[in-house]
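A.B. asks: Numbering (this note's numbering), first residue to last: 16 to 566.
Glycine included, each C-beta is placed from N, C-alpha and C at the ideal position.
Bear in mind that the values here come from a model prediction, so they are computed numbers and not experimental data.
Submitted below is the structure of interest, expressed as structure tokens.
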Amino acid sequence: MQLVSQLALMDEAKDIIDDLVDERDELESNLTIETGKRTDLEIQLEKGEKLISQLQEKIDIIENDLLLNWITRDEHKQVEKRLKEEIVNGEAQLAAVRMEMESLRNEIKIHVEEKKAEEIANKENVKEQQKRRTIEISDDRHSTLEKCVEICSFSLDHLNGLAQFMSNLLQQKEFCESLSEATMNNMQCVINKTFELSNHAARFSISIDGCRMSSLPNISSLDLLMATARNSLGSIRDLCGHNKSFHDAKNEQIETMEVEMGKIKEDLLTARSEIDKLNQHNVILQEQVKEGKVQYERLNSGRNQLIEDIRNELKKVETENELLTTQMNEAKDIIDDLVDERDELESNLTIETGKRTDLKIQLEKGEKLISQLQEKIDIIENDLLLNWITRDEHKQVEKRLKEEIVNGEAQLAAVQMEMESLRNEIKIHVEEKKAEEIANKENVKEQQKRRTIEISDDRRLMLMNEAADSLDEISNPSEPSSCQMCTKYQSKILELKKYLSRAIEKIKMQSEIKAQNDRHIQKQLSNTESFLHSARANMENILKSRNVPQE
16 MQLVSQLALM DEAKDIIDDL VDERDELESN LTIETGKRTD LEIQLEKGEK LISQLQEKID
76 IIENDLLLNW ITRDEHKQVE KRLKEEIVNG EAQLAAVRME MESLRNEIKI HVEEKKAEEI
136 ANKENVKEQQ KRRTIEISDD RHSTLEKCVE ICSFSLDHLN GLAQFMSNLL QQKEFCESLS
196 EATMNNMQCV INKTFELSNH AARFSISIDG CRMSSLPNIS SLDLLMATAR NSLGSIRDLC
256 GHNKSFHDAK NEQIETMEVE MGKIKEDLLT ARSEIDKLNQ HNVILQEQVK EGKVQYERLN
316 SGRNQLIEDI RNELKKVETE NELLTTQMNE AKDIIDDLVD ERDELESNLT IETGKRTDLK
376 IQLEKGEKLI SQLQEKIDII ENDLLLNWIT RDEHKQVEKR LKEEIVNGEA QLAAVQMEME
436 SLRNEIKIHV EEKKAEEIAN KENVKEQQKR RTIEISDDRR LMLMNEAADS LDEISNPSEP
496 SSCQMCTKYQ SKILELKKYL SRAIEKIKMQ SEIKAQNDRH IQKQLSNTES FLHSARANME
556 NILKSRNVPQ E
């Protein structure tokens, strides 16, 4: 009953612990949810601060770009003016050079036609005519060539100055940083074209000098001069085209920059509105964080209180477990006492078996003696049947029979004495056994009074079975417990259950053996008593047939 009550208390404690564990899990889940919300709010705050810092950096970069663009815009305008002036001067010079080149071409054509006509008309007078003509042409050519040299030297100096100015512009870091890659490439192309044009102009001036120094007109040198002039014109056209594309690109860049400035202003306005919204959201988030902190402190206090309650409950459970351990130790002591009693019963059983074997030996001796007497009686009967002829012989036979009967009575008395001694020993053995059983019952009653537990075989088996069932319920609970002490006591209870099951099996086997031995002893006793009764009846019949007094 105590075990049942303690098991009930343990079940109640388990229910309380499960309820507390469920409450703790709910509080922990609520706490994790609150902490997750708080972390989300903190992440949102950090994102808002990062976005504000990024927008501020973009605003600073845009303001710096605007300042640089306003500075470079003025410089670009000045450069554009200068380039336009240089282009106008270059175009005028190119027109003059073209006019001179056309005149030279016309003169060369006339000279070639005249030369062919003179060769066809008179080959002999060709040299004299050529001398005269070269003298005339040389004067005009010298004048035109001198003009061309002046123009080429002027254009060469002008182009070199323009290329040097543009290269100096590209060497300035601030100016280069303010330009885009396309404008940089255009300017570099313009510089290369100007250098190429200056080289063409230098070669043109050298060729003109060569033509001027030569006394006779050289057609190949003139063709070279024309080719260089054509190349110079092509490079000048390319330079003009590049300058125009450069100016168009600059104008497009300026327009795109103005459009970007408008977009940047709009982005700044939207960014400011977003910053205001973020500041408002930040204030709301700070209030929510404060509320979350208050809730966290409240939950933390509740969790600490819950932990204290759980600790108190665990202490109660530990005390109950200690009581259970003491009761289990008492149960072990009872089992040890039962094992000792079983050993005593086994020793008594061995003594009883020894006595039974002794009785068996004595019974075998009595049976042999009775068989010998029966043989003698048979011999006597045969002798009596054979010796009824004469009276003397009968008398002699009677004397012999009387002697034999006396001897037989003496032997029968001895056998009766032995049988009485055997009966007395059996009675003594039965009385001793009854006394031992009475003593065992008295000892059992005293032990029952001490331990308030009945120790009879059926009751003991029933209690052990109930204890095993209760241990099954304890060791195999319906719901797994998270208490380490409970799991430890469950392992101990499993060991105790195994020990109890072995003890129950041994007690059952011993009770069966004892019952079998008792049945065997009772059978032997009944057999001996029936044998004695049959022997006594046979002896009485023999005595009656011989007319011997029964006394």
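Can you tell me whether V309 is buried or exposed, with buried defined as 16 or more other CB within 10 angstroms of its CB?
C.D. replies: Answer is exposed; the Cβ neighbour count stays below 16.
A.B. asks: Give me the Cα-Cα distance between K529 and S545, rounded to the nearest whole angstrom.
C.D. replies: Going from the Cα of K529 to the Cα of S545 covers about 24 angstroms.
A.B. asks: For E323 and E451, what's the separation of their Cα atoms in angstroms?
C.D. replies: Roughly 59 angstroms between the two C-alpha positions.
A.B. asks: Use the C-beta contact count for L338: other C-beta atoms within 10 angstroms, 16 or more gives buried, fewer gives exposed.
C.D. replies: Classification of L338: exposed, given that the 10 Å Cβ count is below 16.
A.B. asks: Which value, in whole angstroms, describes the spacing of the CA atoms of A454 and E520?
C.D. replies: If I take the Cα positions, the gap works out to 25 angstroms.
A.B. asks: Taking all protein chains shown into account, do 16 or more other C-beta atoms lie within 10 angstroms of the C-beta of V332, making it buried, or fewer, making it exposed?
C.D. replies: Result: buried.
A.B. asks: Please classify P232 as buried or exposed, where buried requires at least 16 neighbouring CB atoms within 10 angstroms.
C.D. replies: At P232 the pLDDT is 41, less than 50, meaning the model places this residue with poor confidence; the figure from the coordinates comes in the next sentence. So P232 ends up on the buried side.
A.B. asks: By how many angstroms is the C-alpha of H548 removed from the C-alpha of K9?
C.D. replies: Any property of residue 9 remains undetermined from this structure, which presents the chain solely from 16 to 566.
A.B. asks: Please list, in chain order, all residues of the same chain as T542 whose beta carbon is under 7 angstroms from its beta carbon, the five residues on each side excluded.
C.D. replies: Here residue 542 turns out to be Asn, not Thr, going by the sequence shown. Excluding sequence neighbours, N542 sits near nothing in its chain.
A.B. asks: Roughly how many angstroms lie between the CA atoms of D348 and T341, to the nearest whole one?
C.D. replies: Each residue's alpha carbon lies about 10 angstroms from the other.
A.B. asks: Excluding five sequence neighbours on each side, which residues of the same chain lie with their C-beta closer than 6 angstroms to the C-beta of Q203?
C.D. replies: So no residue of the chain qualifies.
A.B. asks: Near T285, which residues of its chain fall below 8 angstroms by C-beta distance, leaving aside the five closest residues on each side in sequence?
C.D. replies: Around T285: no qualifying Cβ.
A.B. asks: In angstroms with no decimal places, state the Cα-to-Cα distance between Q179 and N207.
C.D. replies: The straight-line gap from Cα to Cα measures roughly 11 angstroms.
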